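For reference, the structure discussed in these notes is given below.
Number of protein chains: 2
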Amino acid sequence: MPKSNISTPVIRRLPRYYRFLGELKAQGITRISSGELSRRMGLTASQVRQDFNCFGEFGQQGYGYNVELLQSEIGDILGLNRLRNAILIGVGNLGKAVAQHIRFNSFGFQLIGLFEERESLIGQMVKNIPIRSVKDLDEFCRENHPELAVLCIPKEGAQSITEQLIKLGIKGFWNFSHYDITLNYPDVQVENVHFSDSLMTLSYKLNNNNK
Amino acid sequence: MPKSNISTPVIRRLPRYYRFLGELKAQGITRISSGELSRRMGLTASQVRQDFNCFGEFGQQGYGYNVELLQSEIGDILGLNRLRNAILIGVGNLGKAVAQHIRFNSFGFQLIGLFEERESLIGQMVKNIPIRSVKDLDEFCRENHPELAVLCIPKEGAQSITEQLIKLGIKGFWNFSHYDITLNYPDVQVENVHFSDSLMTLSYKLNNNNK
DNA sequence: TAGATTGTTAATCGATTAACAATC
DNA sequence: TAGATTGTTAATCGATTAACAATC
Numbered sequence: 002m003p004k005s006n007i008s009t010p011v012i013r014r015l016p017r018y019y020r021f022l023g024e025l026k027a028q029g030i031t032r033i034s035s036g037e038l039s040r041r042m043g044l045t046a047s048q049v050r051q052d053f054n055c056f057g058e059f060g061q062q063g064y065g066y067n068v069e070l071l072q073s074e075i076g077d078i079l080g081l082n083r084l085r086n087a088i089l090i091g092v093g094n095l096g097k098a099v100a101q102h103i104r105f106n107s108f109g110f111q112l113i114g115l116f117e118e119r120e121s122l123i124g125q126m127v128k129n130i131p132i133r134s135v136k137d138l139d140e141f142c143r144e145n146h147p148e149l150a151v152l153c154i155p156k157e158g159a160q161s162i163t164e165q166l167i168k169l170g171i172k173g174f175w176n177f178s179h180y181d182i183t184l185n186y187p188d189v190q191v192e193n194v195h196f197s198d199s200l201m202t203l204s205y206k207l208n209n210n211n212k
Numbered sequence: 002m003p004k005s006n007i008s009t010p011v012i013r014r015l016p017r018y019y020r021f022l023g024e025l026k027a028q029g030i031t032r033i034s035s036g037e038l039s040r041r042m043g044l045t046a047s048q049v050r051q052d053f054n055c056f057g058e059f060g061q062q063g064y065g066y067n068v069e070l071l072q073s074e075i076g077d078i079l080g081l082n083r084l085r086n087a088i089l090i091g092v093g094n095l096g097k098a099v100a101q102h103i104r105f106n107s108f109g110f111q112l113i114g115l116f117e118e119r120e121s122l123i124g125q126m127v128k129n130i131p132i133r134s135v136k137d138l139d140e141f142c143r144e145n146h147p148e149l150a151v152l153c154i155p156k157e158g159a160q161s162i163t164e165q166l167i168k169l170g171i172k173g174f175w176n177f178s179h180y181d182i183t184l185n186y187p188d189v190q191v192e193n194v195h196f197s198d199s200l201m202t203l204s205y206k207l208n209n210n211n212k
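If you want it as C-alpha cells, here you go:
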C-alpha cells in the first residue's frame, strides 16, 4: 500500500526511473523485471522494488513491470500530466538560456512570464514571451497566478524578490541563485541548482580519485 | 586525524561551507563556533564538527574556528587553489551560457577550449575563446592536456564523444547531457547537472507539499 | 581558574540490501 | 503445474545526532 511520507532519496530517483523507462519504451521494450531494470540503471533489484512499492503495486509476480504503464504511473506521481504556471526572474545569459533550453511543458510547468530589472532588456521576446519589467510583477501575478518562480538573479537581489513572490502566492522556487530560500522560508518548496557547488565537488573528486 | 575515505554527503556539504564561510569573512566575522555556524546553515553542531574532523583538527577548544583559516583549508581540500585545464563541447544556448556565466577560475578550472560540430558557429568568440571544430579535438587535447570536459551536447552524440575524450586523457566530466557516463565508464569522475530531473522533483514537491 | 567549545566515542535513526513467502 | 518475479519483512549498513571527556 502507498506510503504517505516518501524519503528524499526515493523522490530524487523518480525522474531517473521516468527517463530510463521512456528510453525502454522508445526501444520497443514492453515489460521489464526489477532485476533487469536495476542492472541497466546501476541499482539493486531490492531498491527498485522498494522504491516503486512506496507508491503502489505496479508489478505482477512472475512477469515484472509493464514499461509503458509504469512510466505513466511515475509521470503521474511526479505531476507531469498537469501544467502549473511558471515565471522566470532575471533574463541574463543564464536566464535566457534556461528559458530557451528547458522544455518546461514536459516537466509539469508552463512558462508564462519573463521579468527583468534592466530597462534595456524589457520588451525583447524570448521563446515568444515578452520580457516584462519587475515593476509589473504584482499585477501580472494577481492576474495569472503563477505557482513557480525560476530565480536567475544574483544573490543580492534574491532576498527581497523572494519575499515579494511569496506574498504573491508563489509556492515553489527553482533557484539558480545562491540565496538560501529554505533557511528563511521553510514552508516553500525549493529546488536549488548550484553550478558552482557542482563544479567544486568535481574538483574535489579529481583531487582524490586515487583513493 | 584525517580519514581516507570521505562519504558523499560530507563532500557535497563542503562547497556550501566554503560559501558560507566566505560570506562570514566578507562580513568581517573572524571566529565562529560549530553551534553558531550550524544555526546559520540549518545543520547540527555535531554534524559540522564531524564533517570538519574528517579532514583535520581545524578548531580550538573554548574558541571555535577561525573563519578565514577554515575557509582556506576547505578551499585546499576542494582543490580550488590550482587550475586544471577544461574544455567545453557543444556551444549551443546552454553551452554558451555556461561558458559565459560560470567563473571556472574560482572553482579550480581554466576554460581553454570550446568545441562545436555545427560549422556555422566555428570561429565565433565566446569569452575570448574561439569556437573550434570537434575535428580539431584530438590535436588540441594532445597539445593542451585538458583534464575536464564540460558536456553540453544532446544525449545522442554523447556516447561517442565521451569515449573519444577519455582516450584523450580526460579525467572528469561536468555532464549536462542525459547520457549516463558513470554506467559505462566507472573510473572517470562525473558530476551530472540534470535540469529536467531537478524540475520534475520540484513538480513532485508541489504536488505533495501538503503531506 | 572557570567557561566555552572542541574532538571523538557511543547511541540513534534511516536507508539499502537480503531473504523469502505469496502469487502470477 | 513449474518457473519467475513480485511485495514485504528482517538484517545490515551507513549517516546523523547525542553525549562527554579533553583542553584551550
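Protein chains in written order, with this note's numbering: chain A, 2 to 212; chain B, 2 to 212. No residue lacks a Cβ here, since even glycine has one placed at the ideal position from N, Cα and C. Just so we're clear, the structure is a prediction, and the values are computed from it rather than from any experiment.
Beta-bridge pairing of residue i - partner residues as DSSP gives them
i	result
asparagine 176 of chain A	A:Leu152, A:Asn193
glutamate 117 of chain B	B:Ser134
phenylalanine 110 of chain B	B:Arg85
asparagine 129 of chain A	According to DSSP, which records beta bridges pairwise, asparagine 129 of chain A is partnered with nothing at all.
glycine 60 of chain B	B:Tyr66
isoleucine 33 of chain B	B:Tyr66
Status (buried if at least 16 other CB within 10 Å, exposed otherwise) for residue i
i	result
serine 161 of chain B	exposed
glutamate 74 of chain A	buried
alanine 27 of chain A	exposed
threonine 202 of chain B	buried
isoleucine 78 of chain B	buried
asparagine 176 of chain A	buried
lysine 206 of chain B	buried
methionine 2 of chain B	Low confidence applies to methionine 2 of chain B: its pLDDT is 44, below 50, so where it sits in the model is not reliable, and the reading given next is rough at best. Flag for methionine 2 of chain B reads exposed.
tyrosine 64 of chain A	exposed
lysine 212 of chain B	In this prediction, lysine 212 of chain B scores a pLDDT of 49, lower than 50, which makes its location untrustworthy; the coordinate-derived value is nonetheless stated afterwards. When all chains shown are included, lysine 212 of chain B counts as exposed.
aspartate 188 of chain A	exposed
glutamate 117 of chain B	buried
serine 35 of chain B	buried
threonine 31 of chain A	exposed
serine 8 of chain A	exposed
cysteine 40 of chain B	Note that residue 40 of chain B is arginine in the sequence shown here, rather than cysteine. Under this definition arginine 40 of chain B is an exposed residue.
glutamate 192 of chain B	buried
leucine 184 of chain B	exposed
Where the beta strand (DSSP E) through residue i begins and ends
i	result
asparagine 210 of chain A	Per DSSP, asparagine 210 of chain A belongs to no beta strand (DSSP E) and is neither H nor E.
isoleucine 54 of chain B	Correcting the residue type first, residue 54 of chain B is asparagine in the shown sequence and not isoleucine. Element bounds for asparagine 54 of chain B: n/a, residue is neither H nor E.
arginine 85 of chain B	85 to 90
glycine 65 of chain A	65 to 67
Beta-carbon neighbours of residue i, restricted to chain B and to distances below 9 Å
i	result
asparagine 129 of chain A	What asparagine 129 of chain A touches in chain B: nothing, since even the nearest Cβ is about 15 Å away.
arginine 119 of chain A	Ordered by position in chain B, no residue passes the 9 Å Cβ test against arginine 119 of chain A, which lies about 16 Å from the chain.
leucine 184 of chain A	Arg41, Met42, Gly43
isoleucine 113 of chain A	Result: empty, since nearest Cβ-Cβ is about 15 Å, beyond 9 Å.
aspartate 147 of chain A	The question names aspartate, but residue 147 of chain A is proline in the sequence shown. Those within 9 Å of proline 147 of chain A in chain B number zero; the least Cβ separation is about 12 Å.
glycine 29 of chain A	Here the premise fails: no neighbours, minimum Cβ distance about 18 Å.
Amino acids of chain A, ordered along the chain, whose beta-carbon sits closer than 9 Å to that of residue i
i	result
histidine 102 of chain B	Gly93, Asn94, Leu95, Ala98, Phe196
cysteine 158 of chain B	Looking at the sequence shown, residue 158 of chain B is not cysteine but glycine. Result: empty, since nearest Cβ-Cβ is about 16 Å, beyond 9 Å.
asparagine 210 of chain B	Lys172, Gly173, Asp188, Val189, Gln190
leucine 70 of chain B	Chain A residues near leucine 70 of chain B: none, gap ~19 Å exceeds 9 Å.
Per-residue contacts from residue i into chain B (C-beta, under 8 Å)
i	result
leucine 200 of chain A	Ile103, Phe105, Phe108, Gly109, Phe110, Trp175, Glu192
serine 39 of chain A	Within 8 Å Cβ-Cβ: nothing; serine 39 of chain A doesn't reach chain B, min ~12 Å.
tyrosine 19 of chain A	Met201
Run of the alpha helix (DSSP H) containing residue i, from where it starts to where it stops
i	result
glycine 23 of chain B	9 to 27
glutamine 101 of chain B	94 to 102
isoleucine 182 of chain A	182 to 185
Within chain B, partners of residue i - CB distance below 7 Å
i	result
lysine 206 of chain A	Gly173, Gln190
glycine 36 of chain A	Result: empty, since nearest Cβ-Cβ is about 16 Å, beyond 7 Å.
histidine 179 of chain A	Arg20
leucine 169 of chain A	Here the premise fails: no neighbours, minimum Cβ distance about 16 Å.
leucine 138 of chain A	Those do not exist, as leucine 138 of chain A stays about 20 Å from chain B at its closest Cβ, beyond 7 Å.
Proximal chain A residues relative to residue i, where beta-carbon distance stays under 8 Å
i	result
proline 155 of chain B	Residues of chain A passing the Cβ test: none, with the nearest at roughly 11 Å.
isoleucine 132 of chain B	Correct list: empty, because the minimum Cβ distance to chain A is about 16 Å.
Proximal chain A residues relative to residue i, where beta-carbon distance stays under 7 Å
i	result
glutamate 74 of chain B	Per Cβ cutoff of 7 Å: no residues; glutamate 74 of chain B is ~13 Å from chain A at best.
proline 10 of chain B	Neighbours of proline 10 of chain B on chain A: none; closest Cβ ~11 Å, over 7 Å.
arginine 32 of chain B	Within 7 Å Cβ-Cβ: nothing; arginine 32 of chain B doesn't reach chain A, min ~21 Å.
Quick test of the definition: if touching needs 3 or more C-beta pairs under 8 Å, does the region 92 to 107 of chain B touch the region 57 to 76 of chain B? Taking 8 Å as the limit for Cβ pairs, the verdict is that the region 57 to 76 of chain B does not touch the region 92 to 107 of chain B.
Counting Cβ pairs closer than 8 Å, one from the region 83 to 94 of chain A and one from the region 109 to 128 of chain A, do we hit at least three? Yes: the two stretches touch, three or more of their Cβ pairs being nearer than 8 Å.
For the region 147 to 156 of chain A against the region 156 to 171 of chain B, do three or more pairs of beta-carbon atoms, one drawn from each stretch, fall closer than 8 Å, so that the two count as touching? Using a C-beta cut-off of 8 Å, the region 147 to 156 of chain A makes no contact with the region 156 to 171 of chain B, since fewer than three inter-stretch Cβ pairs fall below that distance.
Is the region 131 to 143 of chain A touching the region 126 to 144 of chain B in the sense that three or more CB pairs, one from each, lie closer than 8 Å? No: fewer than three Cβ pairs fall under 8 Å.
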